[in-house]
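> Residue numbers (UniProt numbering): 1 to 143. For glycine and all other residues, C-beta sits at the position ideal for the given N, C-alpha and C. Pasting a structure below so you can have a look.
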Amino acid sequence: METYTKAQVTALIEKAIALGRTLPPPHCRITVAGMTYKLGPSALTPGQTVILMKEPDNPYDEDAILVAIGLDLDGKPITVGYVANSTKTVANGTLWASDIQPYFDTQAIARVQKYDKPHWILELSPEVDVSGIVGKFLLKYYE
């Protein structure tokens with residue numbers, strides 16, 4: 001897994017802003033759904049950085065956004081779940097996948113906030129839109 005310094009992450013943020021990316025409102029929180037069908041709740045920890053990837057060709061939801069923790073050996077995302085997008089899966093006080101669609105083109109960064117059983121809550125980072133900027137997944141950085 002490739003890691004980045006805080007300076008490198010800051011440079012990515014500045015590049016996203018220079019490209020005119022729309023930034024989310026402060027404390028924009030979302031729920032991860034479907035984790036029981038993937039790796040399970042233990043795949044995430046508070047403070048962890050994850051990548052959100054739009055899946056416009058998803059047969060179940062045109063606004064589907066997968067949550068990935070990295071890449072497998074074939075370069076495919078290691079999916080832990082999806083951003084919740086129904087009344088049955090969205091936790092109180094969090095946004096739907098459809099709500100956050102305008103904030104990025106294809107990929108975004110989110111930070112794991114907490115486990116509020118049975119939901120993991122993520123927060124979109126101000127550097128949310130990394131579409132076309134980060135060639136590899138930005139999974140963690142050192143202060």
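In the structure shown, what three-state DSSP assignment does Glu14 receive?
Helix.
> In the structure shown, what three-state DSSP assignment does Tyr115 receive?
Note: Tyr115 maps to strand in three-state DSSP.
> Helix, strand or coil for residue 144, going by three-state DSSP, please let me know.
No answer is possible for residue 144: the residues shown for the chain start at 1 and end at 143.
> Give me the Cα-Cα distance between Lys120 and Ala18, rounded to the nearest whole angstrom.
Inspection of the sequence shows that residue 120 is occupied by Trp rather than by Lys. Distance between the alpha carbons of Trp120 and Ala18 is about 31 Å.
> List the residues that DSSP assigns as beta-bridge partners of Tyr82.
According to DSSP, Tyr82 bridges with Ala33 and Leu66.
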